[in-house]
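Residue numbers (the numbering used here): 6 to 1023.
Here a beta-carbon is modelled for each residue, glycine too, at the ideal position from N, C-alpha and C.
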Amino acid sequence: MNDMLKTTPDFTIEEAQALLAQHFGLNAALTPLDSERDQNFKVSAGDGRSYILKIINAAEPEIESDFQTALLAHLGARADTLPVPHLQPALSGESLATTSARSGLVHRLRLVSWIEGMPLAQSERTDAALRSLGHMLGRFDASLKGFMHPGALRDLDWDIRNAGRSAGRLLHVADPQDRALLQRFIDRFEERIAPRLPMLRSAVIHNDANDWNVLVGEDDRNRISGIIDFGDALYTLVMAEVAIAAAYAGLDHPDPIGAAAAIANGYHAEYPLIEEEVDLLFDLIAMRLVTSVTISASRRAHTGGNPYLAISERPAWALLRKLDAMNPRFATAILRKACGFEAVAGARAVGAWIDRNRKNLLALLDRPAAAYAADIVPYGDPAHPMTVNSAAARPHEAQSVWTEHCRGTGVELGIGPWGEARTVYSGEMFVSRLLEKTRRSRHLGLDLFKAAGTKVYTPLAATVASVEIETDPLGYGCLVALRHEPEGCPPFLTLWGHLAHEAVGRLKAGDTLEAGALVGEMGAPEENGGWAPHLHLQICTDTGLSASEILGVGEERYLDVWSELFPDASAFAGVAPEFYEQTGRTHEEIVRLRKDLLLSNLSISYEKPIKFVRGEGVWLIDDRGRAYLDCFNNVCHIGHAHPAVVEAIARQAATLNTNTRYLHDNIVAYAERLTSTLPKELAIAAFANSGSEANSLALRLMRAHTGRENALVLDWAYHGTTQELIDLSAYKFRRKGGRGPKSHVHVAAVPDSYHAPADWPAEEHGKRFAEDIAELIAAMRARGEAPGFFLAESIPSVAGQVFLPDGYLKEVYRMVRDAGGVCIADEVQVGFGRVGSHWWAFETQGVVPDVVTMGKPIGAGHPLAAVVTTREIAASFDNGMEYFNTFGGNPVSCAAGLAVLDVIEGEDLRRNALEIGNYLLAAFRSMQERYEVIGDIRGLGLFLGIELVSDRSTKAPATEIARAVSNGARQRGVLMGTEGPHDNVLKMRPPMIFSKRDADHLIAVLAETFEAVLARAG
6 MNDMLKTTPD
16 FTIEEAQALL
26 AQHFGLNAAL
36 TPLDSERDQN
46 FKVSAGDGRS
56 YILKIINAAE
66 PEIESDFQTA
76 LLAHLGARAD
86 TLPVPHLQPA
96 LSGESLATTS
106 ARSGLVHRLR
116 LVSWIEGMPL
126 AQSERTDAAL
136 RSLGHMLGRF
146 DASLKGFMHP
156 GALRDLDWDI
166 RNAGRSAGRL
176 LHVADPQDRA
186 LLQRFIDRFE
196 ERIAPRLPML
206 RSAVIHNDAN
216 DWNVLVGEDD
226 RNRISGIIDF
236 GDALYTLVMA
246 EVAIAAAYAG
256 LDHPDPIGAA
266 AAIANGYHAE
276 YPLIEEEVDL
286 LFDLIAMRLV
296 TSVTISASRR
306 AHTGGNPYLA
316 ISERPAWALL
326 RKLDAMNPRF
336 ATAILRKACG
346 FEAVAGARAV
356 GAWIDRNRKN
366 LLALLDRPAA
376 AYAADIVPYG
386 DPAHPMTVNS
396 AAARPHEAQS
406 VWTEHCRGTG
416 VELGIGPWGE
426 ARTVYSGEMF
436 VSRLLEKTRR
446 SRHLGLDLFK
456 AAGTKVYTPL
466 AATVASVEIE
476 TDPLGYGCLV
486 ALRHEPEGCP
496 PFLTLWGHLA
506 HEAVGRLKAG
516 DTLEAGALVG
526 EMGAPEENGG
536 WAPHLHLQIC
546 TDTGLSASEI
556 LGVGEERYLD
566 VWSELFPDAS
576 AFAGVAPEFY
586 EQTGRTHEEI
596 VRLRKDLLLS
606 NLSISYEKPI
616 KFVRGEGVWL
626 IDDRGRAYLD
636 CFNNVCHIGH
646 AHPAVVEAIA
656 RQAATLNTNT
666 RYLHDNIVAY
676 AERLTSTLPK
686 ELAIAAFANS
696 GSEANSLALR
706 LMRAHTGREN
716 ALVLDWAYHG
726 TTQELIDLSA
736 YKFRRKGGRG
746 PKSHVHVAAV
756 PDSYHAPADW
766 PAEEHGKRFA
776 EDIAELIAAM
786 RARGEAPGFF
796 LAESIPSVAG
806 QVFLPDGYLK
816 EVYRMVRDAG
826 GVCIADEVQV
836 GFGRVGSHWW
846 AFETQGVVPD
856 VVTMGKPIGA
866 GHPLAAVVTT
876 REIAASFDNG
886 MEYFNTFGGN
896 PVSCAAGLAV
906 LDVIEGEDLR
916 RNALEIGNYL
926 LAAFRSMQER
936 YEVIGDIRGL
946 GLFLGIELVS
956 DRSTKAPATE
966 IARAVSNGAR
976 QRGVLMGTEG
986 PHDNVLKMRP
996 PMIFSKRDAD
1006 HLIAVLAETF
1016 EAVLARAG
């Protein structure tokens, strides 16, 4: 290779242009490109097409040039849709041309098509992008099946089969610890991997899918748009393609094995891998890196400043150290799972066998575990005293908490479930070796809590695999591993942790235990690792792991992998499945059924969805009896299951429910009551079933009155779920799946004073933002058009709880009406006294709209909506076409609506909303003084927003912090959401009955959450 650096072509741009014209008939501009041993130019032809001109190193054997040419020709013939360079023949008709340099060296020339895209090296390596890379490489290699050329059979150090040659380059690695690190990988390769390589599939592959040779789409960074540079292509292991790509993708990646898994997943979908190949992938990735750093070390004197050479040493060394710290078996399990294989062969069969034979297993305790009065041990609650004491290494205090709980409830057995997220794992031993800046937090065993000295027995015959004492704080203490080999089942291990030390003198490796034999006793804190007495029981389907290697706590990201390596031991221990299922379907089943039966883009709130079974006032109660303070779901406007509404609905439903073609008191009574809350101009009502229906009806009214379609809407608005409303909702049409604004939709900037230009006087914000509307109307006028309507939420909600600047609606309404348009106020979220100071949010702007739409809170959970308009517009709508809505305005719905108005008025909830809202705003502003991340506090009544920013001067959004605060509050029992274009605004819309005590609870939780989140963020 060093010799080839002496024969690198060195043509000037002018000389290269002359060669291009002479041999390919092109007169074009050339741009030099980086290359290690050749000379490359981007060719920009006058007709807009682009190419790459390669001047090949004089020392490159002709057979290798011919090989690359044949490879490109094969791809052009067999895979013409594959985004790779395609050959452009010379004027001679040949694929290659020849020229001589000033030095007398002879160089060959190749012209190929240019592939558009950005190098993956300059883009984020998302899982989606890496899966796409895997797909592309799989397609590439699949298209080369059956292709062979003598030039592919070359001897390169970069051939992964030759990775063992790295041993001969270790002398160039100066640091002895680094040499030892590399030697460990080389020894493992030579002993375990190299002998298995001849049995694996081989083919011609690209062999160098580094992130400079892989292109992503300019418009979609998650899509691989091309693969270039076939200079290292050769005949070698098929699996090397994945290993090489994964080695590069893992550099400076927080989850290098996850990156490799994404690539393997995509590759496997196009070019199915076999288990034997995947089993070697971890080592092949490592050996590619070993090859790289040793070659780099041996060439260091020659590399100089050439940026193209292989990979930089620093990230390669960093990744090697990460890989060295990992257990290869865990990494391999992740990779196997990514390709659809079991995490370890036979894993699923073990779980299936236990499920089939659970009734035949003997009791693990003195009685079957299901016979005890049991309860969940509260390690899943980070604030619980037992959890806090355990994490702080105060096991006796923790045990006292649990004992008191058992004494008060009659619980005999505590159960710590598999997969539970816990904060008790506070030691350094729980820092993930797979993921950067991540702690292992998911419990992978089954905990059974009883008094110290409680005997535990094996439900199944076993051989003792090991008995040892683990001395780490919060470790296992005495640890026993048993090997089980039941008939008809693959062998598996069980791990028994936190035992008393007596087992060490009684058991030894190789001992056989009959089913029902004593394994040990639950240890006291002084010998069980420093925990409240309990047994940690765990199944391990990988019998190649030692007891100390078995993960008792794993990373959430790979819970699906751990579930196969370390399946739930509940059935083995005799814990009844109903213990975990008090009522109805499980969370997981519901999620699965939603995916199977419902639209896939029907979203679910929170990272860990909640199953609520009951609502009461300001609280929502889940299927485990956990109560959450609801500060988000504004549909239940006057509280969940308000007795007055429940009674009104039940009473009317038990009497009569029909449609509006028949006379009934309720509809006129409700219309009378509803319109009495509005300005006198808004006198005519119509009823529907949802806010979307209400907004659609408002558009019909507008069309009948104006005959126009041109819409004026605010950016990031949302007005409903029908297509015509999606077309008016920038929140939808600007996001994924949207198609942008239609020609009749004209979008004005959100009048957000917090983000207004700094040089705008605050008192002019309303007028300045309204100028955007003026410009849109002027543009219509220039085309001979005019607006049909202006539609806006009176307080834009999904835009981030944005409160319109004073005078904005007055100015906009004036301009729209002057142009002959109609002004529609969307009060679906903000109406019915939520702002406290008024019934309707538009009133805070001192305006009267032409049409008002209402929904969500109107029925306190019952599907009801309304439109109220002027007599003039209603008259225009009365054009001979009947308006009929089967359920709109039915007696039951109107009864619910009347009850809601009764409660708002009877309990003086507007006053309550204003007082409690002001109380919360004052508390939030106090928090703003303590937490720099709080950029803006805004709200009126019980419609509140807290905008989080990473920098108060630039107002850059702190999206991740907002998400973390929202999730953190949920973990502490408070529900809120995030909104705004960057999802960095905490959104709170608690029920109108929210009390000062409720507010204090929210304030305390929010403050606690900010402290925790900001502490984690550093």
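Around the Cβ of R916, a 10 Å sphere holds fewer than 16 other Cβ atoms; the residue is exposed. The three-state secondary structure of M997, taken from DSSP, is coil. In this chain, the beta strand (DSSP E) harbouring L542 covers 540-545. Counted as a single uninterrupted DSSP element, the alpha helix (DSSP H) harbouring R511 occupies residues 507-511. In the structure shown, V117 adopts extended strand secondary structure according to DSSP, grouped into three states.
For S695, same chain residues with a beta-carbon under 7 Å away, outside a window of 5 residues either side, are G860, P868, A870 in chain order.
In this structure, DSSP gives K861 a helical state, which the three-state scheme calls helix. The beta carbon of S898 is closer than 8 Å to those of F692, N694, G864, H867, P868, L869, F892 in its chain, skipping five residues each way along the sequence. Between the alpha carbons of I921 and F929 lies a distance of about 12 Å. Here S734 carries a coil assignment [DSSP, helix/strand/coil].
Secondary structure note for D635: its beta strand (DSSP E) is the uninterrupted segment 632-635. According to DSSP, residue pairing for T463 in a beta bridge does not occur.
E621 sits exposed, since fewer than 16 C-beta atoms from the chains shown fall within 10 Å of its C-beta. In this structure, DSSP gives A520 a state outside helix and strand, which the three-state scheme calls coil.
Cβ atoms of A269 and V295 stay farther apart than 8 Å, at about 20 Å. D85 is classed as exposed because its beta carbon has fewer than 16 other beta carbons within 10 Å across all chains shown. In the DSSP assignment, K47 falls within the unbroken beta strand (DSSP E) covering 44-50. By the Cβ neighbour-count rule, R130 is buried, with 16 or more other Cβ atoms within 10 Å of its own.
Taking all protein chains in view, the Cβ of K59 is crowded by 16 or more other Cβ atoms within 10 Å, so the residue is classified as buried.
With respect to D635, V618 sits apart: the two C-beta atoms are not nearer than 8 Å.
When the beta-carbon positions are compared, I643 and P996 come within less than 8 Å of each other.
In this structure, W536 is the residue among G521, A520, W536, E519 with its C-alpha nearest to the C-alpha of M527. The beta carbon of A824 is closer than 7 Å to those of I782, A791, P792 in its chain, skipping five residues each way along the sequence.
Contact annotation: the stretch 391-399 touches the stretch 427-439, with at least three C-beta pairs closer than 8 Å. Taking the C-beta atoms as reference points, G271 is found no nearer than 8 Å to P88. Between the alpha carbons of T299 and D162 lies a gap of roughly 11 Å.
At a cut-off of 4 residues, the continuous stretches assigned as alpha helix (DSSP H) that sit fully inside the stretch 314-393 are 318-330, 333-343, 352-362. Per DSSP, the beta-bridge partners of T241 are A208. For R488, the enclosing beta strand (DSSP E) has its first and last residue at 482-489. Buried is the label assigned to K342, since at least 16 other Cβ atoms lie within 10 Å of its Cβ. Closest by C-alpha distance to L814, out of G826, D183, V807, S799, is S799. Nearest neighbour of G151 by Cα position, chosen from A199, Y240, N227, turns out to be Y240. Using a Cβ distance threshold of 8 Å, A265 and I290 count as a contacting pair.
In this structure, F794 keeps its C-beta atom at 8 Å or more from the C-beta atom of G838.
A distance below 8 Å between beta-carbons, with the five flanking residues on each side excluded, links L926 to the following residues of its chain, in chain order: I942, G944, L949. When rounded, the separation of the alpha-carbon atoms in L186 and L328 is 10 Å.
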